[in-house]
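A.B. asks: Residue numbers (the numbering used here): 373 to 907.
Glycine included, C-beta positions come from ideal geometry on N, C-alpha and C.
Have a look at the structure that comes next, please.
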Amino acid sequence: MNGTKNKTIAELLFEIEILKEKAIKSEKLNKSIVKTSTDAIITIDRGGCVLSWNRAAKRIFGYNSNEILGKSISEFLVSINQLKKEDLDRFLSTVLKRKVEQTFEFLVQRKGGEEFTTELSISKWKSGKSIYFTGVFRDLTERKKKDFLLKKLDLALKNSKDIILMTDPEGVITYVNPQFTKTYGYESCEVVGKHTPRVIKGTNDNKRFELLWETLLNKKSFRMSHYQNKKRDGGLIDLESTIDPILNDERDIVGFLGIQHDITKRIKYITELEEAIDKAKESDRLKSQFLSTMSHELRTPLNSIIGLSNLIDRDTPLDDIIEYTQLINNSGEHLLKLIENLFDISLIESGKAKVFEKTIDLPIFLNEVHELMKIYQEKTGKSHVAFNLIIPLNCKKIAISTDALKLKHILVNLLKNAFKFTEKGEVNYGFEVCNKQAVTNIKFFVSDTGIGIDKVHQDFIFNGFAQVDGSYNRHFEGIGVGLTLAKKLVHLFDGHIWIDSELGNGSTFFFSFPISNIGSDIVIDNCDIRDSINN
Ligand code: ADP
373 MNGTKNKTIA
383 ELLFEIEILK
393 EKAIKSEKLN
403 KSIVKTSTDA
413 IITIDRGGCV
423 LSWNRAAKRI
433 FGYNSNEILG
443 KSISEFLVSI
453 NQLKKEDLDR
463 FLSTVLKRKV
473 EQTFEFLVQR
483 KGGEEFTTEL
493 SISKWKSGKS
503 IYFTGVFRDL
513 TERKKKDFLL
523 KKLDLALKNS
533 KDIILMTDPE
543 GVITYVNPQF
553 TKTYGYESCE
563 VVGKHTPRVI
573 KGTNDNKRFE
583 LLWETLLNKK
593 SFRMSHYQNK
603 KRDGGLIDLE
613 STIDPILNDE
623 RDIVGFLGIQ
633 HDITKRIKYI
643 TELEEAIDKA
653 KESDRLKSQF
663 LSTMSHELRT
673 PLNSIIGLSN
683 LIDRDTPLDD
693 IIEYTQLINN
703 SGEHLLKLIE
713 NLFDISLIES
723 GKAKVFEKTI
733 DLPIFLNEVH
743 ELMKIYQEKT
753 GKSHVAFNLI
763 IPLNCKKIAI
773 STDALKLKHI
783 LVNLLKNAFK
793 FTEKGEVNYG
803 FEVCNKQAVT
813 NIKFFVSDTG
823 IGIDKVHQDF
833 IFNGFAQVDG
843 SYNRHFEGIG
853 VGLTLAKKLV
863 HLFDGHIWID
873 SELGNGSTFF
883 FSFPISNIGS
893 DIVIDNCDIR
903 DSINN
């Protein structure tokens, strides 16, 4: 004040001019802010009477200033469901008591009654003794729409049956959806913050991953057809996926979005289908092979029957007739055996074959088989091959209840093969009785020192009409039904049949089945059905 006293009138007038100018400038600035604001700026007095109304207020609420200035704000803007006049009073009193500026979410209405949400920042100010309130209303309609959209997207992410993961530009995981957790077995907190390849990369196809990164860094999306990733438990999942770079407004890469589709089931299905097709092809091939083998096997004995019988007439010497008749008989027997085997297989396959059990003395039975096979040995010129029946010491007297005819059939088929494929050495056969898991099993074996069978062919020689050498010019006769029939007969006994063989080193065929009645005082070993013979 002292300073003012000393000033001349001219100086004071000058200062007043400057202050006036400043005030005008500040008012202009305020007006311009209020005018250009995208938010509605509304000033009311203590009673709620509208004193100022900017352009944005007109745009947002739909009223011209002449419709609203001087009127009570509660009549216009406040939703019917929200504040009444008395509520507004209460509301302003609360604002009055607070020092800082307040922000509220507010449901208001436009001209015409449409309700929408605003964010209201309200401040109070004084002029003289009067109090005023200036409110800035921000229309939240768009933001609410976006929030709602985000909620829907969030729901979609959470319920997606596809695996969704997001990473930062370096490939560090920032988000995984619940399907990721379900498929990979990792909780989200275990993988977020970790580098993607380190966590889930499975089969290594580095070239493909190089191409993936190159494409992504070129800001293009990459589609990965079938590949595999690793789960938490180490198992592999079959996947196909799309990976997209996430770009900001400046088109910089700010992360990656991966959508993976679990195709494990589909791949399994395709593999099974392919296997089934292969099997069908193989069975088709075997069928053709069988037909050609069959016609060969039928034609050979039939040719000799017809050929040899043609040689016999009134002038044929008796010795020749006897020799030819013998050969004709052999061919007939061969044909009969062939047809019998085929008939037996079809009988079993039709489910008509039955097991007729009776009690037999096993050593006596096996000796009979031995006699039978010795005749066969002589007939086929294999007498030089040693032939032994091995009966365990504790089973010299043992009676079992079984279908003797079928058991003989199995043994004879295996023994005939053993002689057929053995040029020197020995053919042995025998049995042992074993206890396994409270069940008594009898296990037979037929071993030879013949040509043996490689591992690949071991898998299918028990399947109908399969032969290791299926060529027309093959060395050994046969049509590939002997083992099939043996297997089917063993299955009728609830047993199983298997082979232990090595190419060039002979073969041992085993078959075992459970037996209930053992009519002797034998001691039964606790042995492993599959291995005991070789030990
Ligand atoms: P096949 O009438 O052709 O002998 P099998 O079903 O009895 O029919 O045998 C199928 C194939 O299994 C034979 O063609 C042969 O290749 C192989 N095989 C069977 N037994 C033996 C064996 N003891 N030694 C070597 N190969 C064998």
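1) Report the residue from Ser560, Ser884, Lys859 whose alpha carbon sits nearest the alpha carbon of Asp716.
2) Sorry if obvious, but does the Cβ on Phe816 come closer than 7 Å to a heavy atom of the ligand ADP?
3) Mind reading off the beta-carbon distance from Gly854 to Asn682? Whole number of angstroms is fine, and I expect it under 8 Å.
4) How would you label Ile914, buried or exposed, when you count the other beta carbons within 10 angstroms and need 16 or more for buried?
5) Taking Lys749 as the reference, give the member of Leu779, Leu787, Ser660 with the closest Cα.
6) Return yes when the Cβ of Ala412 is within less than 8 Å of the Cβ of Ile429, no when it is not.
7) Got a sec? Which residues, its chain only, sit under 8 Å from Thr614 by beta carbon, not counting five neighbours each side?
8) Could you pull the start and end residues of the alpha helix (DSSP H) that Ala648 belongs to?
9) Throw me the rounded Cβ distance for the Pro886 and Thr812 pair, which I believe falls under 8 Å.
10) Is Ile639 near the ligand ADP, with its Cβ less than 7 Å from a heavy atom?
11) Just to confirm before moving on: does the CB-CB distance between Phe865 and Val727 stay below 8 Å?
12) When DSSP builds the beta bridges, which residues end up paired with Lys602?
13) Would you identify the three-state DSSP class for Arg595, choosing helix, strand or coil?
14) Where does the unbroken alpha helix (DSSP H) through Tyr558 begin, and where does it stop?
15) Buried or exposed, going by whether 16 or more other CB atoms sit within 10 Å of the CB of Asn402?
16) Grouping DSSP H, G and I as helix and E and B as strand, with all else coil, what is Phe552?
17) Any heavy atom of the ligand ADP closer than 7 Å to the CB of Thr672?
18) Going straight from the alpha carbon of Ser493 to that of Glu477, what length do you get?
19) Compare the beta carbon distance of Tyr696 and Ile684 with 8 Å and say whether it is the shorter of the two.
20) In three-state terms, what does DSSP make of Glu874?
21) If distances are taken between C-alpha atoms only, which option among Asp634, Phe509, Ser465, Asp511 comes closest to Ser532?
22) Compute the beta-carbon to beta-carbon distance between Val799 and Ala790, rounded to the nearest angstrom, for a pair I have assumed lies under 8 Å.
23) Does the beta carbon of Thr475 sit closer than 8 Å to a beta carbon anywhere in chain B?
24) Regarding Asn760 and the ligand ADP, is the C-beta to nearest heavy atom distance less than 7 Å?
25) Under 8 Å between the Cβ atoms of Tyr599 and Asp577?
26) Could you check where the alpha helix (DSSP H) with Phe728 kicks off and where it finishes?
27) Express the C-alpha separation of Val480 and Glu383 in angstroms, rounding to a whole number.
28) Quick one: using the 10 Å Cβ neighbour count with 16 as the cut-off for buried, is Ile747 buried or exposed?
29) Give a yes or no on whether the C-beta atoms belonging to His567 and Val548 are separated by under 8 Å.
30) Got a sec: does the ligand ADP put a non-hydrogen atom nearer than 7 Å to the Cβ of Phe909?
31) State yes or no: is the C-beta of Ile572 within less than 8 Å of the C-beta of Lys602?
32) If you count every other CB in all the chains shown that lies within 10 Å of the CB of Arg462, and 16 or more means buried, which is it?
33) May I ask you to check if the CB of Leu855 is nearer than 7 Å to at least one heavy atom of the ligand ADP?
34) What are the residues that DSSP puts in a beta bridge with Asn807?
35) Rounded to the nearest angstrom, how far is the Cβ of Ile782 from that of Phe883, given a contact under 8 Å?
36) Could you check how far apart the C-beta atoms of Leu738 and Leu710 are, in whole angstroms? I think they sit under 8 Å.
C.D. replies: The answer reads as follows:
1) Lys859
2) no
3) So it is not a contact: roughly 31 Å between Cβ atoms.
4) Nothing can be reported for residue 914: it is not among the residues displayed for the chain, which extend from 373 to 907.
5) Residue 749 is actually Gln in this sequence, not Lys. The candidate whose alpha carbon is nearest that of Gln749 is Leu787.
6) According to the sequence provided, residue 429 is Ala. The question's Ile does not apply to it. Contact check for Ala429 against Ala412 passes: the beta carbons are separated by less than 8 Å.
7) If we look at Thr614 and ignore the five residues flanking it on each side, its Cβ neighbours are Ser593, Phe594, Arg595, Met596, Gly630, Ile631.
8) That run of the alpha helix (DSSP H) goes 636-683.
9) 7 Å
10) No.
11) Yes, they are a contact pair.
12) Leu608
13) strand
14) Run containing Tyr558: none; DSSP gives neither H nor E here.
15) With fewer than 16 Cβ atoms within 10 Å of its Cβ, Asn402 is classed as exposed.
16) helix
17) No - the ligand ADP has no heavy atom lying nearer than 7 Å to the Cβ of Thr672.
18) 9 Å
19) yes
20) coil
21) Asp634
22) 4 Å
23) Of the chains in the structure shown, none is chain B; there is only one protein chain.
24) Incorrect: Asn760 has no Cβ contact closer than 7 Å to the ligand ADP.
25) yes
26) Where Phe728 is concerned, there is no enclosing alpha helix (DSSP H), given that its DSSP letter is neither H nor E.
27) 53 Å
28) exposed
29) no
30) Lying outside 373 to 907, the shown extent of the chain, residue 909 is not represented and no answer is given.
31) yes
32) Result: exposed.
33) Answer for Leu855: yes, Cβ within range of the ligand ADP.
34) Thr812
35) 6 Å
36) Their Cβ separation, rounded to whole angstroms, is 26 Å, which puts Leu738 and Leu710 out of contact at 8 Å.
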